[in-house]
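Sequence lines, in order, name chains A, B and C.
First residue of the first sequence: 1, per UniProt numbering; consecutive thereafter.
First residue of the second sequence: 1, per UniProt numbering; consecutive thereafter.
First residue of the third sequence: 1, per UniProt numbering; consecutive thereafter.
For each residue, glycine too, the CB sits at the ideal point set by N, CA and C.
Note that this is a predicted model, so its numbers are computed, not measured.
Here is the structure we will look at.
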Amino acid sequence: QIHYLAGLLIEFQNMKCVLPGANVKLFAKAIHCLAKLGHYVYFEPLDTGLALKTVNSSRSAYVSILFMKPLFQVYNAGSDIDLTVDDDNLPITRCKVALKTLLQVFKSLANIERSVETCDIDLDGDECRLVFQLKCKHGITKTHHLTFQECESLQAIFAKDLSPNVLKCDHKVLSDVVINFSSSLEEITMLVSPCKVVLRSYSDDESDEIAQLMKTEVSLNPEEFSQYQIGVDTDVTFCLKDVRAILAFCEVAAMPVNIHFEVGGKPIIFSLGHNGYFRANFVIATIATDKNSQHSNATANFTTNTTFPTTNKRSFVKPSRSKVAPKPLRKVSAQKTNAKPQPTKLPQPKDCDSINSEHDVSPEIPLQGGEQTNATRYEGFNSPSPKQPCFKNVKTVFFAATQPNDLDRTVLVLAPDSDNEDGT
Amino acid sequence: MGLLTLQNQTEDDDFALNACIENARNVTHILKAVHFKDTATVFATENGLKVTVEDSKCIQGNAFIQDQVFQEYSIRDEALTFQINLDILLECLNIFGSNNSTTTMRMMYNGYGTPLVLMLEEDGAVTDCSIRTMEAEETLDFEFTAANVVNKIIMKADCLREAFNEMDASSEVLQITMSPDPPHFRLATFGLLGQSHQDIPKNSDMVEYFECNETLTNRYRLNLLKPSVKAVNLACKVCVRVDHRGFLSLQHMIKNENGQICFVEYYCCPDEEFDEPAT
Amino acid sequence: MRFRAKVVNIDCIHHFTNVVNTISKLLKKCSIRLTKEKMFFILPDQVANGGVSMWCELKQANFFDEYRMDGVNEYELNEIYLEIVAENLCRAIKSANNAKSLKIKLTKKQVPCLTVEIELPSLSSTARIVTHDIPVSVIPSSLWGEYQEPEMPDFHVSLCLPPLKTVKHIVERLKNLSSYLTLSGNQEGDFALKVETELVSATTRFSDLEIPPYDPDGDSQAPSKLWPPSEMASARIDVKKLLQFLAGQQINPYKVICNIVDQSAVHFFLVHDDISLQYFIPVVAV
């Protein structure tokens, strides 16, 4: 089989596709949105279409936007050879490009809308360049040869269809909510129950300084949603900046947005799409704010108003961390010497309190346990990565990492392309 | 028109330079096109004013405000030269700066060592400014003559404006190719993460005149050439010329609010470190 | 101590928003004084230390449909003094741009808060509710003395400014020429803004400006009688402080009175039906 695959590689064709002018704006807006979330965009030509993916540096946000074949004038993923037996969406060739570079190509949305007639995207494997050619009005062409890096597939495993909580609404509803929050606010908490949705400013610290910040809360009636399914009363806390980036994209796509989530600590997924044309998933980590499990007594004070249904603990696997661990992660709290209330980012079973905290860096990430049947709804997940700097409060890792210090090389395929590995 | 203009007419006959304009924006506009350094050299002759700004002995911008742009223009000597702080001059000219009414401006200069005096009037309010002038230093002579021009293209400013605005700022140079063969006119940059180029073919309806005799590719320091974007932004047409040495001339045709045409010209010398153009 | 106010009229909401925006452009922290009749925004007198000071008052009845307050006690201290970050209040009220109602109340959360509750139209039959809790500190009555209306020293010249937009544009240009500006005027309606540096001197002059009528029974003060009407009184002030005042205006006063105390201070008085705002800028020595 190895020999057979080697032969195929010789006949390998490069990806080549052409986007008509009308769809370039959506593509450009997708790039702008991705650039707000990550540093690199992963190009993955699939049989169904071209997928653009990114993950942010703290790995708390993952985006996958799929432009399906019908959106293209020409779409050639790179090879017709079906290497895949089990998975017909297997990427055949992939590369990643710095978003800063790509933004250069799609800098001015106004110009793109006004003058671009077609956009050719070619992966030039020989020259190691990803080539974008914008054919514009008046016979003008703009060609960009961008350096890229080869990469593995970027894949987060999530199963939004299994989420107990599903909301669907016009993106404008969310935009109107988000606009009320301070631009400096990092995280937002969404509390859901069958009778309402409440979004409020989140702060993880009860210091005097934080207490002096303005707190905002917005409540929405279920009638504002076209789908309102709350299986588990819960609250989830996630990065507001990410949501703003997502909503900016939704505005251009002009499609309703779906929100799938379970409980704090499990990712929340924003998705939108148009059947057969286009699909976007934004998987955003949430902070686990289980108020019922073990906590220092100071925490109790902070958490009295929310109760968690007991069901939520079930789905977590045993974390490899101690309960005191979150402190070093917190920009604010790390400097404090007194014991301030610390919301845990992960519900912690009571039986694992005393693991050396030095090894704890990504505490909110439950390790994937193969035998844990309950733990497989959202995966991804990661080995401990001790020295990785953490800049943000929310972080959940969706991806296995072998070299935590080198983000470029950390992506290990969770759904490994075993055929490819065999072939090389 | 304010009284100021008329009242001062007789007294000011004594000035070495005395010019009056009903709409100061027609001067401001053109000066902005060369406003990439603080210091400007002003040459006044009976044909009008030339304002020159230079940087790094490699680039020179010249704004021409011909005497007809002014309602009154008199000069006592054959030529006058002085240096002035362009930042300050522009702030003063724009002091009223509202868009719905016009500022009347009188400009007076009385020779070496005296300040440039501006009197501005709008809606009954009056501003007097006195700006220190300095001795003019010699400006560069690029020895750019029409006879030595190898390639020349006149195009609408829109496409050049877009090209400049989208240019990869991480590139040190801008490489300009002009050729009788495709791609005819190419602007290329070499940034940190890739190479980009924009092509404008000679049959594009953006191109009004095309006369290229041989294929010339030259590189220019992008950070030096960048200021010319100020002129491109105001221009309706641009004439791009290159001579046999690779010297570049960009002539910008700018229309003022009275429909008069003024010119702003930039000269730039090629970057010698990059004599061998890449393809 | 209790305070609760409500507005439903959208014009009143916008009007109040403009007042708060103006205040927040002028200062970071401000004090709010609440009495039965009036609401005050105060930056206590710092002119002596070279700082600006501000005094803004509005009649509550002109803005609020409901207004209830109980001060520290019912008798001589029936007032409330709070300190608040002006920008927070401004941001909170921004949510009320198309509100059905705006409520402001004093609440006790983890810290004392001014809670702004806004009802917004929604896609459903029930309104969207936006709540902002703005932390405040309650100023004890022992310190109230520091928050009294600043006394205007006897000024030499009083005149009405030209349109604020015009003045603002000029001052913006002058700011790029110098950090200090000399403002001068006389009782005959002449007014000038001047900067002078080594490189440039620029003076903008206005004439025939309106002289505010002196009403012996009203609030307005008469200019000093000893000052000759044609004599220019002048004050050299920090351009940035003047610009802050000019650029932040959203109240649309029908008149802006400028009082000049020669070589000492400038006092601006925004005259409006519902609001009065005073702003003091001290001189800067050469």
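Give me the Cα-Cα distance between residue i and residue j, rounded to the nearest whole angstrom.
i        : j        : result
Ser322/A : Leu114/C : At Ser322/A the pLDDT is 32, less than 50, meaning the model places this residue with poor confidence and gives no usable figure here.
Ile80/C  : Ser130/B : 54 Å
Asn47/B  : Met107/B : 16 Å
His267/C : Tyr279/C : 6 Å
Ser24/C  : Cys90/C  : 7 Å
Lys57/B  : Thr203/C : 36 Å
Gln149/A : Val97/A  : 7 Å
Phe36/B  : Tyr62/A  : 43 Å
Gln251/B : Leu19/A  : 37 Å
Ala51/A  : Phe67/A  : 6 Å
Val131/A : Asp122/A : 5 Å
Glu217/A : Leu43/C  : 29 Å
Ser178/C : Phe206/C : 20 Å
Phe381/A : Leu192/B : With a pLDDT of 31 at Phe381/A, under the threshold of 50, the predicted position of this residue should be treated as unreliable, though the coordinate-derived value follows. If I take the Cα positions, the gap works out to 34 Å.
Val198/A : Leu159/C : 53 Å
Tyr67/C  : Arg4/C   : 6 Å
Leu199/C : Asp38/B  : 12 Å
Ile153/B : Leu248/B : 12 Å
Lys142/A : Pro201/B : 12 Å
Phe262/C : Arg25/B  : The displayed chain sequence assigns Asp, not Phe, to residue 262/C. So the alpha carbons of these two residues sit roughly 36 Å apart.
Leu242/C : Phe15/B  : 37 Å
Cys262/B : Val69/B  : 9 Å
Leu120/C : Val243/A : 21 Å
Val236/A : Ile188/A : 8 Å
His171/A : Ala253/A : 10 Å
Val239/C : Asn85/B  : 21 Å
Quick one: what's residue i bridged to in DSSP?
i        : result
Phe190/B : Gln195/B
Ser144/C : Before going further, note that residue 144/C is Trp rather than Ser in the sequence given. None; Trp144/C has no bridge partner.
Phe263/B : Phe64/B and Met253/B
Ala202/C : Cys129/B and Val195/C
Cys236/B : Paired residue(s): none; Cys236/B is not in a bridge.
Ser124/A : What sits at residue 124/A in the sequence shown is Asp, not Ser. DSSP, once it has assigned bridges, lists Arg129/A as partnering Asp124/A.
Val55/A  : Tyr62/A
Ile84/C  : Cys30/C
Leu181/C : Ile237/C
Cys95/A  : Phe43/A and Glu150/A
Kindly list, in the order they appear in chain A, the residues whose Cβ is closer than 8 Å to that of residue i.
i        : result
Pro135/C : Ala211, Gln212, Leu213 and Met214
Thr126/C : Asn221 and Glu223
Check the Cβ of residue i against every Cβ in chain B and list those closer than 7 Å, keeping chain order.
i        : result
Ala98/A  : Leu193
Thr143/A : Ser196 and His197
Thr101/A : Leu193 and Gly194
For residue i, I'd like the list of residues in its chain whose CB is within less than 7 Å of its CB, leaving aside the five on either flank, ordered along the chain.
i        : result
Gln229/A : Asn165 and Val166
Ala35/A  : Leu99 and Leu103
Which residues in chain C have a C-beta closer than 7 Å to the C-beta of residue i? List them in chain order.
i        : result
Asn180/A : Ser95 and Val130
Asn85/B  : Leu199
Along chain A, in chain order, which residues have C-beta atoms closer than 7 Å to that of residue i?
i             : result
residue 287/C : Coverage of chain C is limited to positions 1 through 286, which leaves residue 287/C absent and any answer about it impossible.
Asp205/B      : His138
With a threshold of 6 Å on Cβ separation, who are the neighbours of residue i within its own chain once the five nearest residues in sequence on each side are excluded?
i        : result
Asp199/B : Pro183 and Arg186
Leu102/C : Val7, Ile13, Ala96 and Ile118
Thr41/B  : Thr52, Gln83, Ala136 and Thr139
Met39/C  : Leu58 and Gln60
Which residues of chain B have a Cβ atom closer than 9 Å to the Cβ of residue i, listed in chain order?
i        : result
Ile170/C : Ile95, Phe96, Gly97, Ala125 and Thr127
Lys107/A : Asn165 and Glu166
Would the beta-carbon of residue i be found less than 7 Å away from any heavy atom of the ligand PLP?
i        : result
His184/B : Because no ligand of any kind appears in the structure shown, any question about the ligand PLP cannot be addressed here.
Could you name the residues of chain C that residue i contacts, counting a contact when the two beta carbons are closer than 8 Å?
i        : result
Arg132/B : Glu198, Leu199 and Val200
Can you name, in chain order, every residue of its own chain whose Cβ lies under 8 Å from the Cβ of residue i, other than the five neighbours on each side?
i        : result
Glu76/C  : none
Ile139/C : Ser31, Tyr81, Leu82, Glu83 and Tyr147
Counting only Cβ pairs nearer than 8 Å, list the residues of chain B close to residue i.
i        : result
Leu146/A : Leu193 and Gly194
Output, in chain order, the set of chain C residues within a Cβ distance shorter than 9 Å of residue i.
i       : result
Cys92/B : Arg173, Leu177, Val200 and Ala202
| query | With contact counted as at least three CB pairs below 8 Å, one residue from each stretch, are the region 114-131 of chain C and the region 88-100 of chain B in contact? | reply | no
| Does the region 180-200 of chain A come within contact of the region 233-240 of chain B, defined as at least 3 CB pairs closer than 8 Å? | no
| query | On the three-pair Cβ rule with 8 Å, is the region 68-78 of chain A touching the region 271-283 of chain A? | reply | yes
| said: Using a Cβ distance threshold of 8 Å, determine whether the region 104-114 of chain A contacts the region 155-169 of chain B, with at least three qualifying pairs required. | reply: yes
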